[in-house]
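Peer 1: If you're matching positions, the sequence shown starts at 4 in this note's numbering and goes up one per residue. We put the CB at the ideal spot given by N, CA and C, even for glycine. Encoded as structure tokens, here's the structure I'll be asking about.
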Amino acid sequence: PLKPQMTVGGLSFALNVLATVNINGSEVEAYLDVKNTLMKAFDQAQKEKKGENDQVVFEMSVLTAQNFLQLFQRASIQGAAAEKYMNIKNALYASAKPSQTPVNLEHGKK
Numbered sequence: 004p005l006k007p008q009m010t011v012g013g014l015s016f017a018l019n020v021l022a023t024v025n026i027n028g029s030e031v032e033a034y035l036d037v038k039n040t041l042m043k044a045f046d047q048a049q050k051e052k053k054g055e056n057d058q059v060v061f062e063m064s065v066l067t068a069q070n071f072l073q074l075f076q077r078a079s080i081q082g083a084a085a086e087k088y089m090n091i092k093n094a095l096y097a098s099a100k101p102s103q104t105p106v107n108l109e110h111g112k113k
């Protein structure tokens with residue numbers, strides 16, 4: 004599994020962005036998997052009373068990360084949110100780098 008690291012605010016932003024993405028019926032399972040993975044990490048951070056700028060590390064399968072990026076890239080965001088968007092995307096890519104096996108996060112489908 005990958006272990007992306009992002010801020011609590013980043014998790015919240017990712018969840019909000021995902022909520023705006025239009026999906027088709029064949030993507031429902033993948034969407035819910037991504038949403039539930041992020042929600043679990045966000046809920047855990049809230050239980051630990053972490054602030055918006057506190058870092059969170061959570062586990063995500065490669066398939067979930069691929070689906071997340073695929074959905075995330077279809078989102079419409081405000082230009083002002085571009086840096087937050089890139090930080091989340093970069094956190095996913097960075098979590099794949101230490102892996103011994105090459106991981107291609109761009110082309111995965113469920």
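In angstroms, rounded to a whole number, what distance separates the CA positions of residue 64 and residue 47?
Peer 2: Distance between the alpha carbons of residue 64 and residue 47 is about 18 Å.
Peer 1: What residues in its chain sit with their C-beta under 7 Å from that of residue 37, if we drop five residues either side in the sequence?
Peer 2: Taken in chain order, the residues that qualify are 21, 67, 70, 71, 74.
Peer 1: Among the residues of its own chain, which have a CB less than 7 Å from the CB of residue 79, if the five just before and after it don't count?
Peer 2: So the list reads 23, once near-sequence residues are dropped.
Peer 1: Would you mind reading off the limits of the alpha helix (DSSP H) that contains residue 31?
Peer 2: That run of the alpha helix (DSSP H) goes 31–50.
Peer 1: Please classify residue 17 as buried or exposed, where buried requires at least 16 neighbouring CB atoms within 10 angstroms.
Peer 2: Residue 17 comes out buried.
Peer 1: Go through its chain and collect everything with a Cβ distance to residue 88's Cβ below 7 Å, but skip five positions before and after it.
Peer 2: Contacts found: 80.
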